[in-house]
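Novice: Residue numbering for the sequence shown follows the numbering used here, beginning at 94 and increasing consecutively.
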Amino acid sequence: MSKDTLDPFQEIFNAAVEGVIVSNKAGKIILSNPSAASMFGYERDELMSLTIEDLLPAGNKPQHKKLRRSYFDKPASRQMGVGMDLRAMRKDGSIFPVEISLSNTIIGNETVVVSYIIDITERKKIEYEIKREKETAQMYLDIAGAVFMVLDKNGKLILINQAGSRLLGLPEKDIIGKDWFDNFTPEDRRDKVRTIFKRILKKKTPSRSLDEYIINSKGERRIVSWHIALILDENGKPASLIGSGVDVTDQKSAEAALKRSQEKLIIYATELEKKVSERTKELAEAINNLEKINAELQDEVGTRIRAEKDARIALEKEKELNELKSRFVSLASHEFRTPLSTISSSASLIARYDNAETLEKRQKHIVRIKNNVNNLTGLLNDFLNLEKVEEGKIVATYEKIDFVELVNEAVEEMQANSKAGQVIELESDSSVTGIYLDKQMLKNIFLNLLSNAIKYSPPESIIKFKYFSSKDNLQIEVADQGIGISTPEQSHLFTRFFRAKNASGIQGTGLGLYLVKKYVEEMQGSITFTSELEQGTTFTIQFPLNNG
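So, in C-alpha cells, the structure goes:
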C-alpha cells in the first residue's frame with residue numbers, strides 16, 4: 094500500500110477526538126494519537142515507552158494483565174467493562190473515569206488491540222448532579238407536610254411522597270401503579286372526580302383547586318384540599334397530572350363547630366334584643382299610665398315629680414342596658430371568636446405533625462391551645478365578676494396577708510406570660526410586711542395591671558412594679574413603656590367596656606380596669622394614673638393601713 098494511500102488514514106487517526114492507543118499482546122503501547130497523549134498528560138513519544146498497565150491505577154494493574162491475556166485468546170470488537178466504572182491514571186497520578194471500546198487488527202503479522210478511550214469526567218459530574226438534584230427533590234417532597242402525587246394519563250399513580258402514603262395508610266410499593274379513582278376515591282364521588290381529571294387532560298382546565306374526599310386503607314373518608322396542574326411532554330401534549338393537597342378534615346369540622354357557636358350567639362343576641370325591646374315598650378306604657386294618673390292628682394305635685402323623675406331614671410337605665418347589650422354582643426362575638434379560631438387551626442395542624450421529627454411543632458400548637466383556653470377562662474371570669482360587682486355581691490374580706498409573698502407570686506406568674514425580652518423589675522420597701530386586705534381582690538388587681546402592661550408594651554421593654562409604705566398608707570405603682578392613652582380618652586379609662594382607639598387591634602374586654610377600680614374602692618383605697626401616647630402609663634394605688 095502506497096504512502097499516499099495511508100496519509101488520509103493517518104490524518105483521520107490524528108484528528109480523532111477520542112483517545113486511540115494501539116498495544117500488542119505484551120501490553121506495550123506501539124501507537125497513539127494526539128488526543129490520547131493529551132488525555133493522559135504525556136508526550137506521544139513518552140507513551141511509546143509505556144505499557145497499557147502504566148495508564149491504570151495501581152489496584153487495577155494485576156487484574157488487567159489477566160484480562161489482557163484473556164482478550165488475546167479470543168479477540169473481538171466490544172465495549173470494555175460493561176456496567177462497571179472504569180478508571181485511568183494520568184502522568185501526574187490523578188485518577189479519572191473513562192469509557193473504553195476495544196477492537197483488534199493485524200499489523201506486521203502481529204495481532205494488536207486498538208483501544209478507543211473517552212474521558213467521561215464531565216459526564217459523571219452531570220450524572221452526579223442530576224442524581225443529587227433528584228434525591229434532593231424527593232427529600233423535599235418527603236419532608237413536606239403536604240401530599241404530593243403524580244398520575245399518568247390513565248389515572249394510575251406513578252409518584253407519591255411519604256405524606257401521601259401516611260394519608261392513604263399504605264406503603265409506597267402498595268400504591269404506585271394503582272388506579273387512583275378505583276382505589277382511593279369514594280364510589281359516590283368517583284364519576285365526578287374522573288370527569289374533572291379528563292377535562293384537565295383535554296386542556297379545558299389547565300389547573301384546578303378543589304376540596305374533595307379520598308378514602309384510605311381503613312375505609313375512612315378524609316377531605317383533602319387539592320391543587321392540580323397539567324404536565325406536558327416535550328411535544329406539548331398532556332403527559333400526566335401533578336397534585337398537591339392538605340388533609341383539612343379536622344379543620345372543616347372545627348369550622349363547622351365554630352359556625353354553630355356563632356349561630357347560637359346570634360340567636361342569643363336576637364332574643365336579648367327582643368327582651369330589651371319588650372321591656373322598653375312596657376316601661377314606656379308605664380310612663381304613659383303614670384302621666385295620666387298624675388294629671389288626675391294635681392294636688393299631689395311632689396309625688397308626681399318624684400314619680401316622673403323615677404320613671405326617667407328607669408328609662409335611662411333601660412336605654413343604657415340596651416346600649417351595653419349591643420356592645421357586649423359585639424365584644425363577646427369578637428373576643429370568643431379569636432381564641433376559638435386559634436384553637437381550631439392549632440388542632441388541625443397538630444393532626445399533621447404525627448411523627449417524632451415534628452414533636453416540637455406539635456408542642457408549640459398545644460401551648461397555643463392552652464394559652465387560648467386560659468384567655469377564654471379569663472374572659473368568662475371578667476364577665477362573671479362584672480355581674481357580681483353590679484349586683485353588690487363582692488364584699489372585701491380583710492385578713493392578714495404576706496404582702497411580699499403575694500407580690501412575688503403575681504410577678505412570677507405574669508413574667509412567664511410576658512413577650513420576648515420583656516422584664517418585670519421589682520422595687521420594694523422592706524418595711525412592708527403583714528397587711529390587712531382582701532387577698533384575692535389584691536391578687537386580681539396585681540394580675541390585671543401586670544397583664545395590661547405586658548399586653549400593651551412592646552417586646553424587649555421594662556415593666557416596673559414598686560411598693561412602699563408610710564405611717565398611714567401603702568402605695569403601689571405599676572409602670573410600663575407601652576402605647577399610652579390619649580388625653581381626650583383618659584376620663585373614660587375606668588368605664589366598663591371602654592377600649593382606647595389605639596388598642597382596637599389588641600385583645601381585651603374593656604372590663605379589667607373597671608373591675609380593678611371597684612376592687613380598690615371596696616378596700617377603701619384609691620387609684621390614679623398618668624399616661625402619654627407611645628411613652629407608657631403608670632398606675633398608682635393607695636390603701637389606708639388602719640383597716641386591720
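C-beta atoms are modelled at their ideal positions from N, C-alpha and C, and glycine is treated no differently.
Every value quoted in this text rests on a predicted model; they were computed, and no experiment measured them.
Determine whether the beta carbon atoms of Ser-131 and Gly-112 lie at a separation below 9 Å.
Specialist: In the sequence shown, the residue the question calls residue 131 occupies position 38. In the sequence shown, the residue the question calls residue 112 occupies position 19. For Ser-131 and Gly-112, yes; Cβs fall inside 9 Å.
Novice: State the Cα-Cα distance for the pair Lys-218 and Asn-117, rounded to the nearest angstrom.
Specialist: Position 125 of the sequence shown, counting from 1, holds the residue named residue 218. Position 24 of the sequence shown, counting from 1, holds the residue named residue 117. Spanning the two alpha carbons is a distance of roughly 33 Å.
Novice: If you measure between the beta carbons of Ile-114 and Leu-148, is that distance less than 9 Å?
Specialist: The residue labelled residue 114 in the question sits at position 21 within the sequence shown. The residue labelled residue 148 in the question sits at position 55 within the sequence shown. For Ile-114 and Leu-148, yes; Cβs fall inside 9 Å.
Novice: Roughly how many angstroms lie between the CA atoms of Tyr-612 and Phe-587, to the nearest whole one?
Specialist: Translated into the one-based positions of the sequence shown, residue 612 becomes position 519. Translated into the one-based positions of the sequence shown, residue 587 becomes position 494. Cα to Cα, the separation comes out at about 12 Å.
Novice: Distance check for Lys-291 and Phe-274, CA to CA, integer angstroms please.
Specialist: Within the sequence shown, residue 274 is the residue found at index 181, counting from 1. Within the sequence shown, residue 291 is the residue found at index 198, counting from 1. Rounded to the nearest angstrom, the two C-alpha atoms are 12 Å apart.
Novice: In this structure, does DSSP put Pro-331 in helix, strand or coil?
Specialist: Along the sequence shown, one-based indexing puts residue 331 at 238. Strand at Pro-331.
Novice: Would Leu-261 pass as a contact of Asn-309 if the rule is Cβ separation under 9 Å?
Specialist: Within the sequence shown, numbered from 1, the residue matching residue 261 stands at position 168. Within the sequence shown, numbered from 1, the residue matching residue 309 stands at position 216. Yes.
Novice: For the segment 328-344 against the segment 239-247, are there 3 or more C-beta pairs whose distance is under 8 Å?
Specialist: Yes, the segment 328-344 touches the segment 239-247.
Novice: Going by the beta-carbon positions, is the gap between Gly-134 and Lys-184 smaller than 9 Å?
Specialist: Here residue 134 refers to the residue found at position 41 when the sequence shown is read from its first residue. Here residue 184 refers to the residue found at position 91 when the sequence shown is read from its first residue. Contact flag set, yes.
Novice: Just to confirm my understanding: we take Thr-633, look at its own chain, exclude 5 residues before and 5 after, and list those with CB closer than 6 Å. What are they?
Specialist: For this step, residue 633 is matched to residue 540 along the sequence shown. Answer for Thr-633: Glu-570 and Thr-621, listed in chain order.
Novice: So the candidates are Ile-324, Thr-342, Ile-380 and Ile-123; which of them puts its Cα closest to the Cα of Ile-316?
Specialist: The residue labelled residue 316 in the question sits at position 223 within the sequence shown. Ile-316 has its Cα closest to that of Thr-342, out of Ile-324, Thr-342, Ile-380 and Ile-123.
Novice: Buried or exposed for Arg-589, please, with buried defined as at least 16 other CB atoms from any protein chain shown within 10 angstroms of its CB.
Specialist: Position 496 of the sequence shown, counted from the start, is the residue given in the question as residue 589. Per the 10 Å Cβ criterion, buried.
Novice: What does a CB cutoff of less than 8 Å around Lys-610 pick up in its chain, not counting 5 residues either side in sequence?
Specialist: Against the sequence shown, residue 610 aligns to sequence position 517. Counting only Cβ-Cβ distances below 8 Å, and skipping sequence neighbours, we find Phe-587 and Ile-620.
Novice: When we look at the beta-carbon of Gln-156 and count the other beta-carbons within 10 Å, is it buried (16 or more) or exposed?
Specialist: Residue numbering aside, residue 156 sits at position 63 when the sequence shown is read from its first letter. When all chains shown are included, Gln-156 counts as exposed.
Novice: Check whether the Cβ atoms of Thr-630 and Ile-578 lie closer than 9 Å to each other.
Specialist: In the sequence shown, the residue the question calls residue 630 occupies position 537. In the sequence shown, the residue the question calls residue 578 occupies position 485. Closer than 9 Å, so yes.
Novice: Run through the DSSP bridge pairs and tell me what Trp-319 is partnered with.
Specialist: As a working note, residue 319 is residue 226 in the sequence shown. Beta-bridge pairing links Trp-319 to Leu-303 and Gly-338.
Novice: Under a three-way DSSP split, which group does Glu-520 fall into?
Specialist: Locating residue 520 in the sequence shown gives position 427, where the first residue counts as 1. If DSSP states are grouped into helix, strand and coil, Glu-520 belongs with the strands.
Novice: So, does the CB of Glu-146 fall closer than 9 Å to a CB anywhere in chain C?
Specialist: No chain C is present in this structure, which holds just one protein chain.
Novice: Here's a check: name, in chain order, each residue in its chain whose Cβ is nearer than 6 Å to the Cβ of Ala-593, leaving out the five neighbours to either side.
Specialist: Sequence index remark: in the sequence shown, residue 593 carries index 500 (1-based). Answer for Ala-593: Ile-578 and Glu-582, listed in chain order.
Novice: For Val-525 versus Tyr-560, is the C-beta spacing smaller than 9 Å?
Specialist: Sequence index remark: in the sequence shown, residue 525 carries index 432 (1-based). Sequence index remark: in the sequence shown, residue 560 carries index 467 (1-based). Result yes, Cβ atoms of Val-525 and Tyr-560 sit closer than 9 Å.
Novice: Run through DSSP, which three-state label would Ile-188 get?
Specialist: Mapped onto the sequence shown, residue 188 falls at position 95. If DSSP states are grouped into helix, strand and coil, Ile-188 belongs with the strands.
Novice: Looking at the secondary structure, which residues open and close the beta strand (DSSP E) in which Gly-257 lies?
Specialist: Your numbering for residue 257 matches position 164 in the sequence shown. Where Gly-257 is concerned, there is no enclosing beta strand (DSSP E), although the alpha helix (DSSP H) it sits in stretches over 255-261.
Novice: Return helix, strand or coil for Ser-550, following the three-state DSSP convention.
Specialist: One-based indexing of the sequence shown puts residue 550 at position 457. Residue state, collapsed to three classes: coil.
Novice: Could you give the residue range of the alpha helix (DSSP H) that holds Val-613?
Specialist: Within the sequence shown, the letter at position 520 stands for residue 613. Counting along the chain, the alpha helix (DSSP H) containing Val-613 begins and ends at 605-615.
Novice: Count the other C-beta atoms from every protein chain shown that fall within 10 angstroms of the C-beta of Asp-198, then say buried if there are 16 or more, exposed otherwise.
Specialist: Residue numbering aside, residue 198 sits at position 105 when the sequence shown is read from its first letter. According to the sequence displayed, residue 198 carries Thr and not Asp. So Thr-198 ends up on the exposed side.
Novice: In three-state terms, what does DSSP make of Pro-70?
Specialist: Because the chain here runs from 94 to 641, residue 70 falls outside it and cannot be looked at.
Novice: With DSSP run on the structure shown, which of helix, strand or coil describes Phe-274?
Specialist: As a first step, residue 274 is located in the sequence shown; it is residue number 181 there, counting from the start. Three-state DSSP puts Phe-274 in a helix.
Novice: Does the separation of the CB atoms of Lys-557 and Tyr-529 fall below 9 Å?
Specialist: Here residue 557 refers to the residue found at position 464 of the sequence shown. Here residue 529 refers to the residue found at position 436 of the sequence shown. Not closer than 9 Å, so no.
Novice: What's the C-alpha gap between Ser-163 and Ser-170?
Specialist: Against the sequence shown, residue 163 aligns to sequence position 70. Against the sequence shown, residue 170 aligns to sequence position 77. Each residue's alpha carbon lies about 14 Å from the other.
Novice: In whole angstroms, what is the alpha-carbon distance linking Leu-252 and Arg-225?
Specialist: Looking up residue 252 in the sequence shown gives position 159. Looking up residue 225 in the sequence shown gives position 132. For Leu-252 and Arg-225, the distance between alpha carbons rounds to 18 Å.
Novice: Decide if Phe-80 is buried, meaning its Cβ has at least 16 other Cβ atoms within 10 Å, or exposed.
Specialist: Here the chain comprises residues numbered 94 to 641, so residue 80 is not present and cannot be evaluated.
Novice: Quick one: residues in its chain with C-beta nearer than 8 Å to the C-beta of Val-286, no 5 flanking neighbours on either side, listed in chain order?
Specialist: Within the sequence shown, the letter at position 193 stands for residue 286. Excluding sequence neighbours, Val-286 sits near Phe-274, Thr-278 and Glu-305.
Novice: Can you tell me where the alpha helix (DSSP H) holding Ile-210 begins and where it ends?
Specialist: Residue numbering aside, residue 210 sits at position 117 when the sequence shown is read from its first letter. Element bounds for Ile-210: not the alpha helix (DSSP H) but the beta strand (DSSP E), 203-212.
Novice: So, helix, strand or coil for Ser-131, using DSSP?
Specialist: Here residue 131 refers to the residue found at position 38 of the sequence shown. Of the three classes helix, strand and coil, the one that applies to Ser-131 here is helix, per DSSP.
Novice: Look up Ile-538 in the DSSP assignment and say whether it is helix, strand or coil.
Specialist: Locating residue 538 in the sequence shown gives position 445, counting from the first residue. Helix.
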